[in-house]
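Everything on this sheet refers to the single structure shown next.
Protein chains in written order, with our numbering: chain Z, 1 to 87; chain A, 88 to 769.
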């Protein structure tokens, strides 16, 4: 049983797509492109902490604002400060 | 039918791999195209992933799709978050990809392109990828525990202590060598210094934008920051040509070193998040974009490698760093083949994001393959240069002399023709006064990258812009490694000293912050200063020291992995970790012995100190250099001693477990059924 992939966010469900394109008609591959793009956007949002900010807002039941972002930065920077960056 | 297709595909890739490896290894007397290297790499990675990692996953680790990961069980929306495997893959890759895989291969190219390339490919498949994969999986099965915690629990208290000291040591040496690379790339370069200086106001603007204009829109602000940085590079040309402004940004090595030391202290001790966080994002943005662009550039240009497969310097007389191909090629390239530092990432953030256990294979093994590919690209960027130019840029003044004519004549005498006029023209085309004695690898990489980019886009007119883009890219993300590493080192020291005196351990107590920041900055700052003042360019002594420290950390990680494998009752497959472990022990111990005791003063620290003591007129400067040599020897010896301790403790433990004198019990978290499997079936 293959793992179903989540593409748009860490919590959302997406149809399976990866590794199943081989042998499919060209149109199926094209149809898969938006999902590839969705995963790429999720990746960028995760790397650049936008997803973390969304989760922060959701966890604290607040909407985005200057104050909310300042609070998020404080929490996030505490976590980040203890992570080494690789050589 | 499917099986037959797989066999045909696998067989075809194996034949292609053999063909490409044969081409790059056996071709003599003609220059080969870089695409052979790319093809060899892709085929080797394909086979490694499809066959070897699958074997490890199925037979040794028995990955369990039914077992809940800590990201699922401890999901808190902060650090424990079940995440899509492609997203974790990219996140992990972004975390492990640093300056190492770019600089190491450039330096190792002094042996020719062949030794480094073979080591990058085989070292990654059988060493680095295995280490990253296993440590990631073992951390996932232990609630995301760190390498130090796993070493303490699985090997013993001594193991944990040694891992801690090894990590601190590697951080100190890493930061010193990183800072030295930046100094050597930016000294006497007003264009480069101006561009990097401009990243400060740009980052502050991004911080303001993020906080007040569009809260949380990091991608948007990073894209704006990127455009502003490109603009700064453009203005930098004017700065470098303006006789009034140019001197403001033309700094010597010692001045740059002092500025970087002050920057490191400020980044660790002061609340300057408004500057650091946006700059970190900007650096990541540039890093990912540049690596992608370099890959596209190589494919589009399909450049010819001018460097021969092997150079005369395999005998150990290399100008960039001294020492024979074994062991020095294998410690010079660490991050592209096997890097102990990766085990910290694999047991840090990543295990807390893994959604399903089988995904550790793609993330751990696969991301390291991608990093290895970056190292192959760096090797290509170095080897597309004419060898004479490569050696003229990378050789220190202490070897080739300071005068352009003398340096060109020395390099030509080595069999790599280059002229002073040719070097002058090249320096002018990249907007620099000179490219001689730019040790550290970054400028040579930047020239190679500019050559590839300008050949694909913009021609010679954009050569200077691409060169300074490459220098900015390297300096920017090395500086983020520097400030992040200084903070991590500070936290580690606070944590350790907190056991001796509690207030020191309080991370918000300002006297403690100032004292421990000063301690960590003084440690790496000392080595940096030593490198800057070294007539041999510093890289000759510091890069091997960094390579040894990094590989010793990998030795610690593989010791922990082997111990867990034996305790799991998988002794039949222990060669998977034991063979790379034994290889690393052979490499690091031999390299350390040479660095301490070799009779050649260019290799051995003690021989160099003796030479200085006997030949030079006594002076404060000479005494300082002798002290530095002895200190380097002591540091190397200390690292080897520490790793010997963890090796001895591990071997004793293996012997007790294998002889049945000790129960083979691993300390994994209890099995909990994943809910994701049911959701998928439903």
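Just so you know, even glycine gets a beta-carbon here, dropped at the ideal spot from N, CA and C.
Query	Result
Whole-number beta carbon distance between residue 547(A) and residue 516(A), since they are thought to touch under 8 Å	6 Å
Inter-residue spacing [alpha-carbon to alpha-carbon] between residue 644(A) and residue 218(A)	7 Å
is_contact[residue 542(A), chain Z] using C-beta, thresh 8 Å	no
Backbone secondary structure at residue 713(A) - three-state DSSP	helix
Residue 749(A) versus residue 740(A): straight-line alpha-carbon distance, rounded	8 Å
Near-chain Z residues of the stretch 179 to 203 of chain A (beta-carbon distance less than 8 Å), N- to C-terminal order	181, 182, 183, 184, 185, 186, 187
Where the stretch 412 to 435 of chain A meets chain Z: residues whose CB sits under 8 Å from a CB there	421, 422, 426, 428, 429, 431, 432, 435
Limits of the unbroken alpha helix (DSSP H) element including residue 367(A)	360 to 388
Strand pairing of residue 120(A), partner residues [DSSP]	391(A)
Complete runs of the beta strand (DSSP E) confined to the stretch 247 to 298 of chain A [at least 3 residues]	none
6 Å CB neighbourhood of residue 564(A) in its chain, flanking five on each side removed	370, 374
The stretch 235 to 258 of chain A: positions lying closer than 9 Å to chain Z by Cβ	254, 257, 258
Meets three-Cβ-pair contact criterion under 8 Å: the stretch 192 to 200 of chain A and the stretch 405 to 413 of chain A	yes
Check whether residue 188(A) and residue 587(A) have beta carbons under 8 Å apart	no
Exposure of residue 391(A), with buried meaning 16 or more beta-carbon neighbours within 10 Å	exposed
With 16 other Cβ atoms within 10 Å as the buried cut-off, status of residue 723(A)	buried
Through-space distance from residue 324(A) to residue 223(A), alpha-carbon basis	45 Å
Beta-carbon spacing of residue 272(A), residue 511(A) below 8 Å	no
Contact between the stretch 198 to 217 of chain A and the stretch 105 to 115 of chain A (3+ Cβ pairs under 8 Å)	yes
Candidates 613(A), 734(A), 698(A), of which the one nearest residue 266(A) by Cα	613(A)
Euclidean distance between Cα positions of residue 96(A) and residue 145(A)	21 Å
Any alpha helix (DSSP H) of 4 or more consecutive residues that is wholly inside the stretch 596 to 640 of chain A	597 to 620
Contacts around residue 529(A), its chain only, beta-carbon distance under 6 Å, and the 5 residues preceding and following it disregarded	268, 272, 561
Contacts that residue 166(A) makes with chain Z (C-beta to C-beta distance below 9 Å)	79
Contact check, residue 442(A) vs residue 158(A), beta carbons under 8 Å	yes
According to DSSP, residues forming a beta bridge with residue 170(A)	441(A)
Separation of residue 573(A) from residue 349(A), as counted between CA atoms	12 Å
Chain A contact for residue 86(Z) (CB, 8 Å cutoff)	yes
Range of the contiguous alpha helix (DSSP H) that encloses residue 695(A)	692 to 702
Any C-beta of chain A under 8 Å from that of residue 44(Z)	yes
Same chain, Cβ closer than 6 Å to residue 309(A), neighbours up to 5 away in sequence not counted	368, 369, 372
Residue 78(Z) in three-state terms, based on DSSP	helix
Cβ neighbour criterion (16 or more within 10 Å) applied to residue 89(A)	exposed
Cutoff 6 Å; reference residue 610(A); Cβ partners in own chain excluding five residues on either side	259
Contacting residues, own chain, Cβ-Cβ under 8 Å from residue 568(A) (five flanking each side not counted)	185, 186, 261, 262, 265
Residue 302(A) versus residue 747(A) - alpha carbon distance	60 Å
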